[in-house]
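Peer 1: Taken in order, these protein sequences are the chains called A and B.
If you read the first sequence in the working numbering, its first letter stands for residue 1078, the second for the next number, and so on.
If you read the second sequence in the working numbering, its first letter stands for residue 667, the second for the next number, and so on.
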Amino acid sequence: MTTDDTERSMPTLIRAFLVGGFIYLFLVGVSSLEAGIKLLGQDTQEQLFSNVSNPVAGLCIGILGTVLVQSSSASTSVIVGLVAAGAVDIDTAVPMIMGANIGTTVTNTLVSLGSARRSDEFRRAFATATVHDFFNVFAVAILLPIELLTGVLSNAAGWLTEHLVGASGSDWKSPLKEWVKLPVGWIEDLWSWIGLSGNPLGAVIVATGLVLIIVSLGLITKNMRKLIADRVERSMNSVLSRGGGSVAMLLGVVITMLVQSSSITTSILIPMSAAGVITIRNAYPVTLGANVGTTITALLAALASSSPDALTVALVHTLFNVAGILILYVPRFIRGAPVYCAEWLARLAALRPLWAVAYVMGAFIVVPLVGFGIAR
Amino acid sequence: MVLSFFRKGPSGLEHTVSRAVGMLGDARHAYDLATLALLTGTSADAVDADIRGTDDRIDKIAVELRSELVVHISVQGAMDIGSVLGLILLINKIERIGAQAKNVLDLAEAGAVLADQPDSEALLAERAEISALFSEVADLMTEHDDARLEDLRRRCETLQAAQQEKIVGYIHSDEPGHVVVPRAIYHRYLKRIVANLLGIVLAATEPLNDQEPGALTHIDE
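#1: Between A:F1215, A:A1433, A:T1089 and A:G1098, which has its C-alpha nearest A:W1256's C-alpha?
#2: Taking C-beta pairs closer than 7 angstroms, name the residues in chain B that A:N1314 reaches, listed in chain order.
#3: What residues in the segment 678-708 of chain B bring their beta carbon closer than 7 angstroms to a beta carbon of chain A?
#4: Whose Cβ in chain B lies nearer than 9 angstroms to the Cβ of A:A1204?
#5: Taking the alpha helix (DSSP H) that A:V1222 belongs to, which residues open and close that run?
#6: First and last residue of the alpha helix (DSSP H) that includes B:K726?
#7: What's the gap between the Cα of A:T1364 and the Cα of A:A1093?
#8: Could you check whether the Cβ of A:A1306 sits closer than 9 angstroms to any Cβ belonging to chain B?
#9: From what residue to what residue does the alpha helix (DSSP H) around A:K1258 run?
#10: Give the residues from the segment 740-765 of chain B that approach chain A closer than 8 angstroms (Cβ to any Cβ), ordered along the chain.
#11: Give the C-beta separation of B:I833 and B:R858 to the nearest angstrom, bearing in mind that I take them to be a contact with Cβ-Cβ under 8 angstroms.
#12: Between A:G1158 and the rest of its own chain, which residues show a CB-CB distance below 6 angstroms, the 5 nearest in sequence each way excluded?
#13: Between B:E831, B:A776, B:I739 and B:T871, which has its C-alpha nearest B:R814's C-alpha?
#14: Among the candidates B:T824, B:Y852, B:E823 and B:L825, whose CA atom is the shortest distance from the CA of B:I837?
#15: Would the beta-carbon of B:I757 fall within 9 angstroms of that of B:L731?
#16: Closest Cβ-Cβ distance between A:E1265 and chain B: below 9 angstroms?
#17: Contact between the segment 1303-1318 of chain A and the segment 1137-1150 of chain A is defined here as three or more beta-carbon pairs at a separation below 8 angstroms; is this criterion met?
#18: Beta-carbon of B:E730 versus every beta-carbon of chain A: anything under 9 angstroms?
#19: Under 9 angstroms, do A:A1193 and A:E1420 count as touching if we go by C-beta distance?
#20: What does A:E1239 reach in chain B if we use C-beta pairs closer than 7 angstroms?
#21: Which residues in the same chain as B:R849 place their Cβ atom closer than 6 angstroms to its Cβ, once the five residues preceding and following it in sequence are excluded?
#22: Please report the straight-line C-alpha distance between A:G1113 and A:M1173, rounded to a whole angstrom.
#23: Indicate the three-state DSSP secondary structure (helix, strand or coil) for A:L1230 in the structure shown.
#24: Kindly list the residues whose CB is nearer than 7 angstroms to the CB of A:T1079, restricted to its own chain and excluding five residues on each side of it in sequence; keep chain order.
#25: Does the beta-carbon of A:Y1417 have 16 or more other beta-carbons within 10 angstroms, so that it is buried, or is it exposed?
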């Protein structure tokens, strides 16, 4: 029996327990990050995060950070941790969250490059991948200015937070925070025991938190994917046989909430699209559902802190994606816009695959870097 | 449909195999009707709609199953790629049997008469023997049995050799064309159907590289 066979045949119950353990580890990571930042001191925090106070810089950092870790779940959880620690305020965090939404689309776009040598397959795969990009860019282009002018998303999220846990600004006793207190204390004690204190101690605890968040999220995704693979397969077949629409969107939400990764959901669609078994119009709502489903991770991360602001930012992430769907998908006259743009770009990319590479490099690395350089 | 996500249900390659077994049942139905029309004088018009409808159903399920296999690989990863390739081959072969049954019907509709001939009894026995192979193949698709597989392989090879012998006999026959040509064509179809049946079992049970070239059939054979 190979390692893969052993992994496959692991009893469901054991795997479910493992996932529970990794979720706990993830919460410990978020809480450690918060604790580490608090130890860094006000001056250091200001030095580190003053660059992202400009919304465009925040947006670009959100994109770059997510591209770097290839997971919006991880990057939004970090942003929630930063808000919980008070290092970043809600206004600064909102553009970063929106940037994370754009950055996460790079994964399925990279997956689609795998079929670059077969023009027709590539055209379909690239269109399905980039429809996610276009939707998120359009959503940011519409909602970021509105948010900056009116604060509608953060106000709505704040209102929700107030009704869920009490007035913003005051502390609330999250039960999850209590559960993770002990191991976070152990991490602090361990690094203090080897002689670290002050900023170095804070930095090492932040690093420990980051590692825990990224590793545990990866392991949650890997194990949940195995746990629900048969169900995902069956529901994808349902999408194929009964078409897309709101049901496909709900499936996207459910699958992504369970695997804690929109990249997994959207990347599954790419080979299916390349082979021509799913159309871009049927894949599109699944992608939008994945956008909403992935916000569960930031909400979970917010529960590991006792800061209402952290919960507000996590709720902004959810509201942003829901609002994006309401604006760009529900009205029929605009629904096709991201699809047309994606198909246009895919036709270009199919003719010259170099365009696809230039697009990925430009949209996800060069433009955010330049944007950050100018706006910071 | 969303709630179906949380319910248990058929999925994976076993589901595909069980639907392929259903396809094979349809292919047998089409074969039985088409050969009945040719060998017993049953009106071809009476079975035409049934056979063509069955063949359309086989083709439709084949498309669905191929999609499901793509979904399987997309979701589960490349772990099952060998089985998936085998299943794609298997589905193609069942599709071909459906098409070949339709070809036999075309022969009957074109006016070929093999009913009430001196060898009618032998032809009907041969038809029944091949029809029985369908259920054996279906069994072997779901339950691997080396001894039964070997026995089936031997019988299929014998049947194919017998068909080939008849074809060669008709080619060199002194009888008129309208007598020997339909028979040669009919036996050619039977040979292909038997080869496809053996190919189905091998695709379902043997690694791709171990499949015998003799069992592989091509559309242009």
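Backbone N, C-alpha and C fix where the C-beta goes; we use that ideal spot for every residue, glycine too.
Nothing here was measured: the structure is a model prediction, and the numbers come from that model.
Peer 2: Considering the structure as presented:
#1: Within the first sequence, residue 1256 of chain A is the residue found at index 179, counting from 1. Closest by alpha carbon: A:G1098.
#2: Within the first sequence, numbered from 1, the residue matching residue 1314 of chain A stands at position 237. Chain B residues near A:N1314: E734 and V737.
#3: Within the segment 678-708 of chain B, those residues whose Cβ lies closer than 7 angstroms to any Cβ of chain A are, in chain order, G678.
#4: Here the question's residue 1204 of chain A lines up with position 127 in the first sequence. Ordered by position in chain B, no residue passes the 9 angstroms Cβ test against A:A1204, which lies about 16 angstroms from the chain.
#5: Sequence index remark: in the first sequence, residue 1222 of chain A carries index 145 (1-based). What sits at residue 1222 of chain A in the sequence shown is Pro, not Val. Taken as a continuous stretch (DSSP letters only), the alpha helix (DSSP H) holding A:P1222 covers S1196 to T1227.
#6: Here residue 726 of chain B refers to the residue found at position 60 when the second sequence is read from its first residue. First-last of the alpha helix (DSSP H) with B:K726: A710 to Q742.
#7: Along the first sequence, one-based indexing puts residue 1364 of chain A at 287. Along the first sequence, one-based indexing puts residue 1093 of chain A at 16. Distance from the CA atom of A:T1364 to the CA atom of A:A1093, rounded to whole angstroms, is 26 angstroms.
#8: As a working mapping, residue 1306 of chain A is identified with position 229 in the first sequence. So yes, A:A1306 belongs to the interface.
#9: As a first step, residue 1258 of chain A is located in the first sequence; it is residue number 181 there, counting from the start. Taken as a continuous stretch (DSSP letters only), the alpha helix (DSSP H) holding A:K1258 covers P1252 to W1270.
#10: Residues S740, V741, Q742 and M745.
#11: Position 167 of the second sequence holds residue 833 of chain B. Position 192 of the second sequence holds residue 858 of chain B. Between the beta-carbon of B:I833 and that of B:R858 there is about 11 angstroms, and that puts the pair past the 8 angstroms contact cut.
#12: What you label residue 1158 of chain A is simply residue 81 of the first sequence in a count that begins at 1. Cβ within range, chain order: V1107, L1110 and E1111.
#13: The residue given as residue 814 of chain B occupies position 148 in the second sequence. The residue with the shortest Cα to Cα distance from B:R814 is B:T871.
#14: In the second sequence, counting from the first residue as 1, residue 837 of chain B sits at position 171. Closest by alpha carbon: B:Y852.
#15: To locate residue 757 of chain B, count along the second sequence from 1; it is residue 91. To locate residue 731 of chain B, count along the second sequence from 1; it is residue 65. Yes.
#16: Indexing the first sequence from 1 puts residue 1265 of chain A at position 188. Taking Cβ atoms only, chain B never reaches closer than 9 angstroms to A:E1265, which makes this a no.
#17: Two segments are said to touch when three or more pairs of C-beta atoms, one from each, lie closer than 8 angstroms; by this definition the segment 1303-1318 of chain A does not touch the segment 1137-1150 of chain A.
#18: Translated into the one-based positions of the second sequence, residue 730 of chain B becomes position 64. True, the Cβ-Cβ gap to chain A drops below 9 angstroms.
#19: What you label residue 1193 of chain A is simply residue 116 of the first sequence in a count that begins at 1. What you label residue 1420 of chain A is simply residue 343 of the first sequence in a count that begins at 1. In this structure, A:E1420 does not lie closer than 9 angstroms to A:A1193 by Cβ.
#20: In the first sequence, residue 1239 of chain A corresponds to position 162, counting from 1. Within 7 angstroms Cβ-Cβ: nothing; A:E1239 doesn't reach chain B, min ~31 angstroms.
#21: By 1-based counting over the second sequence, the position of residue 849 of chain B is 183. Around B:R849, the same chain offers Y836 as residues with beta carbons nearer than 6 angstroms, after the five sequence neighbours per side are excluded.
#22: Stepping through the first sequence from its first residue, residue 1113 of chain A is reached at position 36. Stepping through the first sequence from its first residue, residue 1173 of chain A is reached at position 96. A straight-line Cα-Cα distance of about 20 angstroms links A:G1113 and A:M1173.
#23: By one-based count along the first sequence, residue 1230 of chain A stands at place 153. Helix, per DSSP.
#24: The sequence position of residue 1079 of chain A within the first sequence is 2, counting from 1. Interpretation of A:T1079 is limited by its pLDDT of 43, a score under 50 that renders its predicted location unreliable; the figure taken from the coordinates is listed afterwards. Excluding the 5 residues flanking it on each side, A:T1079 has no same chain C-beta neighbour closer than 7 angstroms.
#25: Along the first sequence, read from residue 1 onward, the residue named residue 1417 of chain A stands at position 340. With a threshold of 16 other beta carbon atoms within 10 Å, A:Y1417 falls short and is exposed.
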